[in-house]
Amino acid sequence: MTFCPRFSRRVSECESIIAYEFNSKSLCAQALNTAADSMSVCVLDGSIKKIPKNDRLAVYGDAAAAAYLCSLWIKGGLPKPDSQDCWTTLRRDLISNDNLTRVGREHGLDKCINMNGGTTRVSSGMVATALEAILGAVEIDGGRDALARVMKHLGLTEHALLGSVKFFPLDNLTHLICIGAFSAAMEFPRRPRPVIPGFA
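By full-length UniProt numbering, the letter at position 70 of the sequence shown is numbered 70, and the numbering carries on one by one without gaps.
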């Protein structure tokens, strides 16, 4: 698969930084792309293609990273009275936008991001979104174990509450529990219930 030089260089640098080689280079390119103009266009195997923005991959990556982190929380067997506080702390300290921005910049992932023409500065939001998208792309490309290895490599599983995390492949049951816990913890805007005459 042949990319235009702009994306090829970024993909190679990203793979080197996260210590993971993508089977689908275009998936990695999408994770790194914030552009919606001509800077998102590349030649792929002789055909002109527009690489999608990374925002949808970022949503997926945020959920995938939270699910894996939740599995470490559950397997850690933290005391029940403190468990909810521990989970909130882990999420805030490890996969918040602030920490993802810090990790992304420290590892040099900000230099891999493809931006709109005329944009000269990589914002904090771009870095956090790109790292979430990279994690999502890794999970799609290589599965849950690949995601676990990349998160460990980037230091996204290092926390005093977790102790020394070596590597925990996700079994299916733990994965399902974590997806449920993550979904329940998310806050969605709630619409007011419609008032129906004759009903409370």
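Note that beta-carbon positions come from the ideal geometry of N, C-alpha and C, so glycine has one too.
Spatial neighbours of residue i within its chain, please: CB distance less than 7 Å, with the 5 preceding and 5 following residues excluded, ordered by chain position.
i: residue 131; result: 100, 103, 104, 109
i: residue 117; result: 37, 38, 39
With respect to 6 Å, is the separation between the Cβ of residue i and the closest non-hydrogen atom of the ligand ZN below this value?
i: residue 89; result: Ligands displayed in this structure: none; no statement on the ligand ZN is therefore possible.
So who's on the other strand from residue i, going by DSSP bridges?
i: residue 44; result: 47
i: residue 163; result: 159
i: residue 33; result: 114
In chain order, what residues of the same chain have a beta carbon less than 8 Å from the beta carbon of residue i, not counting five sequence neighbours either side?
i: residue 19; result: 149, 150, 153
i: residue 15; result: 21, 22, 28
i: residue 32; result: 7, 10, 11, 14, 54, 112, 113, 114, 130, 133, 134
What is the rounded straight-line gap between the Cα of residue i and the Cα of residue j?
i: residue 67; j: residue 135; result: 12 Å
i: residue 147; j: residue 59; result: 15 Å
i: residue 30; j: residue 56; result: 10 Å
i: residue 23; j: residue 142; result: 8 Å
i: residue 12; j: residue 21; result: 8 Å
i: residue 114; j: residue 90; result: 30 Å
i: residue 7; j: residue 127; result: 17 Å
i: residue 44; j: residue 72; result: 39 Å
i: residue 48; j: residue 75; result: 47 Å
i: residue 4; j: residue 157; result: 34 Å
i: residue 112; j: residue 123; result: 13 Å
i: residue 85; j: residue 155; result: 21 Å
i: residue 70; j: residue 88; result: 10 Å
i: residue 163; j: residue 93; result: 14 Å
i: residue 119; j: residue 54; result: 16 Å
i: residue 121; j: residue 106; result: 16 Å
i: residue 165; j: residue 125; result: With a pLDDT of 46 at residue 165, under the threshold of 50, the modelled position of that residue is not reliable, and the figure given next carries that caveat. Distance between the alpha carbons of residue 165 and residue 125 is about 28 Å.
Given that a residue counts as buried once 16 or more other Cβ atoms are within 10 Å of its Cβ, and exposed if not, what is residue i?
i: residue 140; result: buried
i: residue 61; result: buried
i: residue 9; result: exposed
i: residue 34; result: buried
i: residue 160; result: exposed
i: residue 174; result: Per-residue confidence for residue 174 stands at a pLDDT of 47, beneath the threshold of 50, marking its modelled position as unreliable; the derived number appears in the next sentence. Label assigned to residue 174: buried.
Kindly list the residues whose CB is nearer than 6 Å to the CB of residue i, restricted to its own chain and excluding five residues on each side of it in sequence; keep chain order.
i: residue 26; result: none
i: residue 50; result: 40, 41
i: residue 97; result: 128
i: residue 65; result: 95, 135
Inset, instruction - Counting only runs of 3+ residues fully inside the region 46–105, write out the beta strand (DSSP E) ranges in chain order. - result: 47–50
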